[in-house]
Structures are given as C-alpha cells and as structure tokens.
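Below: one structure, written as structure tokens.
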Ligand code: NAP
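In the working numbering, the protein residues as written are 63 to 317.
Quick look at the structure:
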C-alpha cells in the first residue's frame, strides 16, 4: 500500500539534494508532487525523472523568500487540483562559513530571508490552502544546527533554530484552531548534497575528514535518509505527531 496515495504535495528546493530525494520518494509512494526551486534547469530535470519513473510530478520556478511567488505557486496548484495535503519547506542556503565579526547585516539577512522568512511564508500560504482541503501536514526542514551551536554558522543556526520554534508555534495555533494541520520539523545532520561540498575543491578532503570526525559512526548521511523521515511525517502514519522534531543525524547530537 503506497503511504501517501492520492495526496497532493509541494516540495520546495526540490531541484537538488534532500528536496529532490523527498519529492522522488513522495511520488514513488503515490503523491502528486509539485517541485519548486529557483534552479529551473535542475528542477525540470528532477520532475522529468519522476514522471519517467511512473510518478506524477510537475515543476514551477519559485523563490521562497518572495511572498508573491508563494501566492502564485499555491494559487496555481489550488486552481489545478483543488487541494494541498503536504508541504515540505526544504529550500535553504548555507550562508557560508564565517565568524560573527565578518558577517555583514546583508549576509545575515540573505540567509534568514530564505531559511526563515521562506518557511514562514510557506506555513502561512500552505496552511491557507490546507484549510480549504480539510487539513494537511507541513514538514519544515531545520538542521542539527537548529538544536546545537557550532562556530562560524551564526546566521544559519539562528535561521534553523527559528524554524524549530516557528514549527511549534504554528503547530499549537493550528491545533487550537481545529484546523487539522500538523506541523513538524526535521533536523538532519551532515548529509552528502551540493550544500555540504567544499566551496574550494582543493579543500574537499579536509572538509570530508571534518564531517566524518563529527559523526559518531564516521558515516555521512544520504538525502534518502532524510526523505524517509519526511515521508513518515507527510503520511497518515504520523497522525499523532505535531510540533515535534525528528532528528536524523547519525547520532551527532547524542554526544
Ligand atoms: P542543496 O542541495 O543546496 O538544495 C537546496 C535547494 O534549494 C537548491 O536547489 C537551491 O537552489 C534551492 N534554493 C536556495 N534558495 C532558494 C530560494 N530562495 N527559493 C527557492 N529555492 C532555493 O541543499 P540540501 O543539502 O539538499 O539542503 C536542503 C535543506 O536541508 C536546507 O534547508 C538545508 O539547510 C537543510 N539541511 C541540510 C543539511 C546537509 O547536510 N546537507 C543538514 C541539515 C539541514 P541553488 O542551488 O540555486 O541555491
């Protein structure tokens, strides 16, 4: 039995990495998936690959930090399908590694506008559509850096910590309203995607060694490890979960 059969889903940042893996798994488990991203070439390729494999997918360009884009993406989907059951707020940027003293206000805002404003806008416009659909599940991709600190990631950690509590606040509000909308966060550890590739290719080995040293098992995660958690939260199997945080980190935060 497919685990999200007949559900209509949006996955943001779905051109790459974790978002692409989540969109692919949701489609394999029976959902009709709208992939969105600012990267049009890779986004179309990801949707095409799902359709070729027998799934149901489409792609639309979407900057998650722009409210007008959310209105058009969610409005267009509602016009076509009349419902939204699952929203995966996954699009994000790393903001780069830099100390607080070297972080300009523009650096800070650039990171928060995607990672936190983007999730807020998704929760707002996604929930409006879900109310018209009788309910739904919102899955916000945070990070282990939304739970614990690390040097040189202040803006990223602040954005992901914000996602963690935005998730809980929204979950409580929608529960109190009787909206039948669940909201949960996912906290990945180091996962092998373009985001965790060294910016400077000559430092790839050093960066790889750093990531492995942080992991208790020495193993770096795969995007499908996170997609499985997203699928669970999207499906009715998690119907009693809201406001919770699903940590998928190979044990990093258990140290
Ligand atoms: P990724 O491979 O870089 O994918 C992120 C996607 O989001 C990219 O296609 C990116 O496009 C897109 N994006 C960035 N800004 C956007 C915007 N304003 N509007 C729409 N799309 C936008 O990264 P990933 O590792 O899969 O990350 C996915 C999520 O997981 C992020 O929220 C990230 O913070 C989180 N996460 C990742 C890890 C990890 O180890 N990989 C760990 C914890 C949490 P561009 O390529 O054009 O930037």
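Glycine is no exception: its CB is placed at the ideal position from the N, C-alpha and C atoms.
Cα-Cα separation, residue i to residue j
i: residue 65; j: residue 92; result: 7 Å
i: residue 208; j: residue 125; result: 22 Å
i: residue 226; j: residue 273; result: 23 Å
i: residue 223; j: residue 204; result: 7 Å
i: residue 168; j: residue 298; result: 41 Å
i: residue 247; j: residue 232; result: 11 Å
i: residue 230; j: residue 245; result: 7 Å
i: residue 159; j: residue 63; result: 44 Å
i: residue 300; j: residue 294; result: 6 Å
i: residue 152; j: residue 277; result: 23 Å
i: residue 130; j: residue 317; result: 43 Å
i: residue 303; j: residue 198; result: 12 Å
i: residue 181; j: residue 103; result: 23 Å
i: residue 256; j: residue 79; result: 7 Å
i: residue 242; j: residue 200; result: 11 Å
i: residue 195; j: residue 202; result: 19 Å
i: residue 127; j: residue 172; result: 9 Å
Strand pairing of residue i, partner residues [DSSP]
i: residue 202; result: 151 and 247
i: residue 229; result: Answer is none; residue 229 lacks a bridge partner.
i: residue 77; result: Paired residue(s): none; residue 77 is not in a bridge.
i: residue 307; result: 247
i: residue 289; result: For residue 289, which the question treats as bridged, DSSP gives no partner whatsoever.
i: residue 70; result: 94
Neighbourhood of residue i by C-beta, 7 Å cutoff - its chain only, sequence neighbours within 5 removed
i: residue 216; result: 162 and 165
i: residue 260; result: 266 and 269
i: residue 187; result: 132, 133 and 136
i: residue 113; result: 119
Cut-off 8 Å between Cβ atoms - residues of its own chain near residue i, not counting five sequence neighbours on either side
i: residue 138; result: 122
i: residue 106; result: 121
Contacts around residue i, its chain only, beta-carbon distance under 6 Å, and the 5 residues preceding and following it disregarded
i: residue 206; result: 249, 251, 311, 314 and 315
i: residue 99; result: 75, 76, 77 and 105
i: residue 83; result: 285, 286 and 289
Length-filtered (3 minimum) beta strand (DSSP E) runs lying within the region 240-286: 243-250
Those runs of the alpha helix (DSSP H) which lie wholly inside the region 86-149 and span at least 4 residues: 102-114 and 129-143
Inter-stretch contact at 8 Å, needing at least 3 Cβ pairs: the region 66-74 / the region 139-154: yes
Entirely enclosed beta strand (DSSP E) segments - the region 152-217, minimum 3 residues: 198-203
Given 8 Å, three or more beta-carbon pairs between the region 276-290 and the region 229-243: no
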